[in-house]
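Participant:
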Amino acid sequence: MSKPKNAQPALHKVIMVGSGGVGKSALTLQFMYDEFVEDYEPTKADSYRKKVILDGEEVQIDILDTAGQEDYAAIRDNYFRSGEGFLCVFSIEEPENFAATLEFREQILRVKGDDNIPFILVGNKADMDDCRKVTVEEAQDRARQWNVPYVETSAKKSHQCR
């Protein structure tokens, strides 16, 4: 059965979470516009929409790029409530923000009440391997514990950003 010609593609809301400075905005901009922004400016919360092909069907992805430090739990919870899927980003250079992924995951699970929510653990800044402080094995172990995929990316080199 085909869709009517004027039907809008399905909309899927994806939320980017992670500590400040891990590259959530850089990954989002790389995915949206094929560009890397060198200068870091803390994000308030930005939303982007793009049509993509998913499982052979055109859909719209709405990406909410959240601030690294959400000042208000109620606002953060609203973001999480509205999300259908989550990318939890950390920098492979910073063990502290890798540790923070535990809290982000707990907050999302508390709000969503469903541990089967689509969730990907993302180790960003893979181009900085010589400065790596979080091993691939550590990240893969956490992803295995959570039963989620783990992927390493580099927004700078446009590696694994599609």
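Here the sequence shown stands for residues 48 to 209, numbered as in our numbering. Ideal placement from N, C-alpha and C gives every residue a C-beta, glycine not left out. Only a predicted model underlies this, so the values are computations on that prediction, with no experimental measurement involved.
Out of I62, G68, V158 and K60, which one is the CA nearest neighbour of A202?
Facilitator: Numbered from its first residue, the sequence shown carries residue 202 at position 155. Closest option to A202, Cα to Cα, is G68.
Participant: Please classify K97 as buried or exposed, where buried requires at least 16 neighbouring CB atoms within 10 angstroms.
Facilitator: To locate residue 97, count along the sequence shown from 1; it is residue 50. Looking at its Cβ environment, which holds fewer than 16 other Cβ atoms inside 10 Å, K97 is exposed.
Participant: Can you tell me whether Q192 is buried or exposed? The criterion is at least 16 other CB atoms within 10 Å of its CB, across all chains shown.
Facilitator: Within the sequence shown, the letter at position 145 stands for residue 192. Label assigned to Q192: exposed.
Participant: Quick one: Cα of E141 to Cα of D112, how far?
Facilitator: In the sequence shown, the residue the question calls residue 141 occupies position 94. In the sequence shown, the residue the question calls residue 112 occupies position 65. Using only the alpha carbons, I get a separation of about 20 Å.
Participant: Using only CA atoms, which one of I108, A121 and F133 lies nearest to A57?
Facilitator: Here residue 57 refers to the residue found at position 10 when the sequence shown is read from its first residue. Comparing Cα-Cα distances from A57 to each of I108, A121 and F133, the minimum goes to I108.
Participant: Which parts of the stretch 145 to 206 are runs of the beta strand (DSSP E), unbroken and 3 residues or longer, counting only runs that do not cross its ends?
Facilitator: Correct list: 166 to 171 and 197 to 199.
Participant: When you compare each of M175, C178, F151 and R179 to L168 by their alpha carbons, which one comes out closest?
Facilitator: The residue you call residue 168 lines up with position 121 of the sequence shown. Answer by Cα proximity: F151.
Participant: Just tell me which of F137, P196, R123 and L156 has its CA closest to the CA of S72.
Facilitator: As a first step, residue 72 is located in the sequence shown; it is residue number 25 there, counting from the start. Comparing Cα-Cα distances from S72 to each of F137, P196, R123 and L156, the minimum goes to F137.
Participant: Rounding to the nearest angstrom, what Cα-Cα distance links H59 and D176 in this structure?
Facilitator: One-based indexing of the sequence shown puts residue 59 at position 12. One-based indexing of the sequence shown puts residue 176 at position 129. Whole-angstrom Cα-Cα distance: 33 Å.
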